[in-house]
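Residue numbers (the numbering used here), protein chains in the order written: chain E, -2 to 107; chain C, 195 to 306.
Don't be surprised by glycine CBs; every beta carbon is placed ideally from N, CA and C.
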Amino acid sequence: GQSLEQPSEVTAVEGAIVQINCTYQTSGFYGLSWYQQHDGGAPTFLSYNGLDGLEETGRFSSFLSRSDSYGYLLLQELQMKDSASYFCAPYGGATNKLIFGTGTLLAVQP
Amino acid sequence: AAGVIQSPRHLIKEKRETATLKCYPIPRHDTVYWYQQGPGQDPQFLISFYEKMQSDKGSIPDRFSAQQFSDYHSELNMSSLELGDSALYFCASTPLRDTEAFFGQGTRLTVV
């Protein structure tokens, strides 16, 4: 089986830093992806961690610890346009099954 | 750059009717995923295909079926529609074992 946990909602102000955590239990784990989805829009890929440690892509960074079955997405210098849902998605590699977590709704306030 | 194309974008059907959703993946992407997303819900994995063969199944009802054709486009067929089938249906494509999935804009199905 597979389980994923994320906080349901996070609120932060413009310019701040926010961390969205993800804990997972899954078999055949290769790595952890993160996706952003604006209301009514399609999910878009943000980052992938295949190895433990931090991956940085502009204002966004993602971290993975396999031993703790834990990862997080870090968003810096928050902008209003970052208000969206964020999903972690373990990547199985050996199977074609990309499963999304329950998602975290991020609200960025002025 | 080419993106994943889904059609139609919007579809209204009555209960017990049948619907067919189409997905055209990015060229040279051999893996297709289908998802159902209800209001305020996370995308639920339905089914995936690799090289025109079904490779994984998620929470897809027996009333739904899907296939991938020789030109790699995929269709999701939904029969005996229920009100609860009203949702956004996304298709995504990726090269095999690539870690980035590209999503189409979705088909919004409304069952009345």
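Item                                                                                                                                                                        : Value
First and last residue of the beta strand (DSSP E) that includes residue 227/C?                                                                                             : 225 to 231
Could you work out which residues of chain C lie near residue 39/E, taking near to mean beta carbons separated by less than 7 angstroms?                                    : 284, 297, 298, 299 and 300
Could you check which residue in 5/E, 102/E, 37/E and 42/E has the C-alpha nearest to that of residue 86/E?                                                                 : 42/E
Please decide whether residue 0/E counts as near chain C, where near means a Cβ-Cβ distance under 8 angstroms.                                                              : no
Buried or exposed, going by whether 16 or more other CB atoms sit within 10 Å of the CB of residue 17/E?                                                                    : buried
Would the beta-carbon of residue 259/C fall within 8 angstroms of that of residue 249/C?                                                                                    : no
Between the segment 99 to 106 of chain E and the segment 220 to 231 of chain C, can you find at least three pairs of beta-carbon atoms closer than 8 angstroms?             : no
The beta strand (DSSP E) with residue 302/C in it runs from where to where?                                                                                                 : 301 to 305
In its own chain, which residues sit with a C-beta less than 6 angstroms from the C-beta of residue 271/C, not counting the 5 before and 5 after it?                        : 214 and 259
May I ask you to list the residues that DSSP assigns as paired with residue 54/E?                                                                                           : 57/E
Keeping to the same chain, check which residues put their C-beta closer than 8 angstroms to that of residue 294/C; ignore five residues upstream and five downstream.       : 288
Report all residues from its chain with a CB closer than 6 angstroms to the CB of residue 267/C; omit the five preceding and five following residues, and keep chain order. : 218
Do you know offhand how far residue 210/C's Cα is from residue 275/C's?                                                                                                     : 5 angstroms
Are the C-beta of residue 266/C and some C-beta of chain E separated by less than 8 angstroms?                                                                              : no
Would you decide whether residue 96/E is buried or exposed? Buried here means 16 or more other CB atoms lie within 10 Å of its CB.                                          : buried
State the Cα-Cα distance for the pair residue 8/E and residue 251/C, rounded to the nearest angstrom.                                                                       : 35 angstroms
Please report the residue range of the beta strand (DSSP E) in which residue 284/C lies.                                                                                    : 281 to 288
Given that residue 237/C touches chain E, what residues does it touch there, using C-beta distances under 7 angstroms?                                                      : 40 and 97
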